[in-house]
Amino acid sequence: MPSTRRTLAALGAALSLVLGACSSNDGTTASTSDGDSSSESASAPGEGSTKVGFIFVGPKDDYGYNQAAYEGSQAVAEEFGDMEVLTAENVPEDDSAVRIMQGMIDKGAKIIFATSYGHLDPARKIAEANPDVAVVQQGNFIEGDIPDNLGTYFGTVYEPVYLAGIAAGKATKSNKLGYVYAFPIPQTINNINAFQLGAQSVNPAAETYVVNTSNWCDPAKQAEATKSLLGQGVDVVTQHQDCTATVIKTAEAGGAMTVGYHADASSLAPEGWITGSEWDWDALYIDIVKTALAGDFTGSKYNENYRVGYKTGDNPFVQSEYGPMVDEETKALVEEAKARISGDGSPFAGPVTGQDGATLVADGEVPDYATIEAIAVFVQGVVGEIPKS
Amino acid sequence: MSLALEVATGAVRGGTSILFAALGETVAERAGVINLGTEGSMLCGALAAFAIGAETGSTWVGVGAAAVAGGALAALHAYLVLRRGANQLANGLVILFLGLGLTSLFGGDYVQADVALLQPWAVPGLSSIPWLGDIFFDQDPLTYLSYLAVPVCWWVLFRSRWGLLVRGAGERVEVLDTYGHPASLVQFAAVVVGGMLAGLGGAQLSVAYTGAWFENMTQGRGFIAVAVVIFASRQPFRVAAGAYLFGAALALSPALQARGVAINQFALDAIPYAVTLVVLVAFGRRQAAEAPEGLRKVFEISAGP
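Residue numbers (the numbering used here), protein chains in the order written: chain Y, 1124 to 1512; chain B, 116 to 420.
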């Protein structure tokens, strides 16, 4: 996840700086932003590349966001047998990301995946300096003009979260759901809203209580946040965190139910697991690489802010397995909603009302992905306020 | 549960890891050695408890390993500072980053390890006392251990012959040496014991409080512990009060939010440090006078010419 985190990341950056410096000494001169490199290569961005580079903001084994992205990169390696896949973990969201990506390009990579929200600015710099390299960024949104060799992509995370909200709304007995989140970024706000909308679509009395931890992975804060929610009578807990075990274990120990995020953690909650959402990037990564290799990147759907959801194709954010306590009626309701979203519906189909009573989506309106991503307030039924920074 | 009760309970639960680490730092500082690597010892303890607990199937063996791991990292600090003449403050930071790096390196395999957690256990009788029972006597076993550690630390430091040696070493090494006591050995032992306590704090965090291991999971609590020690003038009972105060600051935010009250998390997170600053400003001179003489030298030296 977009993560401001970790001294370790800084250490990693320092290390890769050193390594980067070494490698550019023994190699040829790096292409820089003066960029007359475009004259030597008339090829389309990424065309015929023999290497692909991936950068991750965290460790590849975090059992969450970064691990999912790493597994996607390995699927690319498997699909394209003679392709070399370069990966870098713990890449901070600043100019050291530029150097690391440039290092990959100097080694011959002409397709780059920058997989964290905060990697967009470095990705843009890299794209501008290397017109023959296709650069795609995961999860952020480019405002204004988009260069011919840059794009963003993401799943519509809130779709499976909405479905999980339906299951949670059916499962709750206290009609109080809890959401432990890190920061009020647009993606998280969408998730919280979708969760509440899903729950109230089958249970009008359901409310979602929210607590933020201001940290993507501080297990002690997660434990305290979960206990506070349970203290208010919440009996279903979900989350948007990088490391997910503590919230689930604390909820399970407190006799509450769990909706997962990022990974299938049903083994941590044998009693209380309802369902969840998790990443499966393989198909999308492979298709992006294919498009770029063929020289078709510019002007393709990946050369824009590409959002894939149930409506437009295979959403890489998929629903996790159900727990044993989920009944057939709930599963049928979820299937019905999924069919509706895949057709002409949306989790945010109007009417959607904000916490303050204002109309966010008018009755009968079905907003597109960009409109939904721009919603920056909680919907009615969410208990708690978005912190002002 | 009322807000006050919830925050108080959370303060003890969340303050215990800080309390262990701060008690450890108290022992070390009483012997005249500052260990800013406390956070590193906590991380080593958190991982050791989780990993060894998972490997052996016994969480208590893991807790023992946590003390050993925390003590081992502190022993490196003691060796470099006492035997090789390294600067205490700079070396402490090196030790912290070493602990962070080592635990990140070896911890990856244990993120999803399966450990039997130390669950809260209500003490029969005591837990039914109104208020106090809920706050203090429905907690995990390591929290109960910390209740013992506080008076034991106090007694050892201020009522035992060992404590006299430790404090003597902290005040003036030469005096101990003159009387034939190996001062640097006493200091070495104090720093290692400090690291062991910090390791126990890390264990409480991983196998009791959060049930998880994740790299850098202490998130600065080792530094809060060092702040508590300064704040509490190296007195064990005051250290306990300080650790719980800081624990309360951490527990207040989610308790308020779950009640729908918006607060600024960053401001709340800054409270422990702000309180420390206020205490230093208000009582700084008196505190400096109370500090072991050996410690004052550290700061004089590091203040430079």
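In this text, a Cβ means the ideal position worked out from N, Cα and C, and glycines have one as well.
These numbers were taken from a predicted model, which means no experiment stands behind them.
Counting of Cβ neighbours within 10 angstroms places Y1304 (chain Y) among the buried residues, the total reaching 16 or more. G207 (chain B): member of the alpha helix (DSSP H) spanning 203-222, first to last residue. DSSP, reduced to helix, strand and coil, places A1232 (chain Y) within a strand of the structure shown. Secondary structure within the stretch 1400-1442 of chain Y: the alpha helix (DSSP H) runs of 4 or more consecutive residues, fully enclosed, are 1405-1416 (chain order). Taking 8 Å as the cut-off, the beta carbon of A340 (chain B) is found no closer than this to the beta carbon of G177 (chain B).
The Cβ atoms of G326 (chain B) and L232 (chain B) sit closer than 8 Å to each other. For A323 (chain B) against L134 (chain B), the beta-carbon gap comes to about 13 Å, at or over 8 Å, which does not count as contact.
Chain-order list of chain B residues neighbouring E1347 (chain Y): G125, G129, L365, A366, P369, by C-beta distance under 7 Å. Using a Cβ-Cβ distance cut-off of 8 Å, the stretch 1332-1345 of chain Y and the stretch 328-340 of chain B are in contact, since at least three pairs of beta carbons, one from each stretch, lie closer than that value. Burial is judged here by how many other beta carbons sit within 10 angstroms of a residue's own beta carbon; W246 (chain B) has fewer than 16 and is exposed.
DSSP places G317 (chain B) inside the alpha helix (DSSP H), whose first and last residues are 298-318. In the DSSP assignment, M1380 (chain Y) forms a beta bridge with Y:V1359.
DSSP places N1335 (chain Y) in the strand class (E or B) of the three-state scheme. Not a single C-beta of chain B is nearer than 8 Å to the C-beta of L1300 (chain Y). Within chain Y, the residues whose beta carbon sits less than 7 Å from that of F329 (chain B) are C1340, P1342, C1366, listed in sequence order. A residue is called buried once 16 or more other Cβ atoms fall within 10 Å of its Cβ, and W1339 (chain Y) is buried on that count.
Residue-level contact check: F381 (chain B) touches chain Y, since one or more beta carbons of chain Y fall below 8 Å from its beta carbon. Per DSSP, the continuous beta strand (DSSP E) segment holding G1176 (chain Y) begins and ends at 1174-1178. For the beta strand (DSSP E) assignment, the uninterrupted runs of no fewer than 3 residues enclosed by the stretch 1268-1350 of chain Y are, from N- to C-terminal side, 1273-1278, 1299-1304, 1330-1335. If you check the CB distance, T1381 (chain Y) and P1168 (chain Y) do not come in under 8 Å.
CA-CA distance, S348 (chain B) to V394 (chain B), rounds to 10 Å.
In the assembly as shown, M1448 (chain Y) is an exposed residue. Its beta-carbon has fewer than 16 other beta-carbons within 10 Å. For G168 (chain B) and A228 (chain B), the gap between their C-alpha atoms comes out near 9 Å.
Per DSSP, the continuous alpha helix (DSSP H) segment holding V1457 (chain Y) begins and ends at 1451-1465. V1259 (chain Y): member of the beta strand (DSSP E) spanning 1257-1261, first to last residue. According to the DSSP assignment, E1202 (chain Y) belongs to no beta strand (DSSP E) but to the alpha helix (DSSP H) extending over 1188-1202. At least 8 Å separates the beta-carbon of I1178 (chain Y) from that of A1232 (chain Y). Not one beta carbon of chain Y lies nearer than 8 Å to the beta carbon of Q254 (chain B). With 16 or more other Cβ atoms from the protein chains shown falling within 10 Å of its own Cβ, Y1285 (chain Y) counts as buried. One thing to note: A137 (chain B) has its Cβ within 8 Å of the Cβ of A358 (chain B). Residues of chain Y whose Cβ lies closer than 9 Å to the Cβ of E121 (chain B) are, in chain order, K1350, S1351, G1354. Using beta-carbon distances, S1443 (chain Y) does not count as an interface residue toward chain B, since no partner is under 8 Å. T1369 (chain Y) has a beta carbon lying within less than 8 Å of a beta carbon in chain B. For Y1332 (chain Y), the neighbours in chain B by C-beta distance under 7 Å run, in chain order, A373. DSSP links H1385 (chain Y) through a beta bridge to Y:E1401. Contact check for T1331 (chain Y) against F1318 (chain Y) passes: the beta carbons are separated by less than 8 Å.
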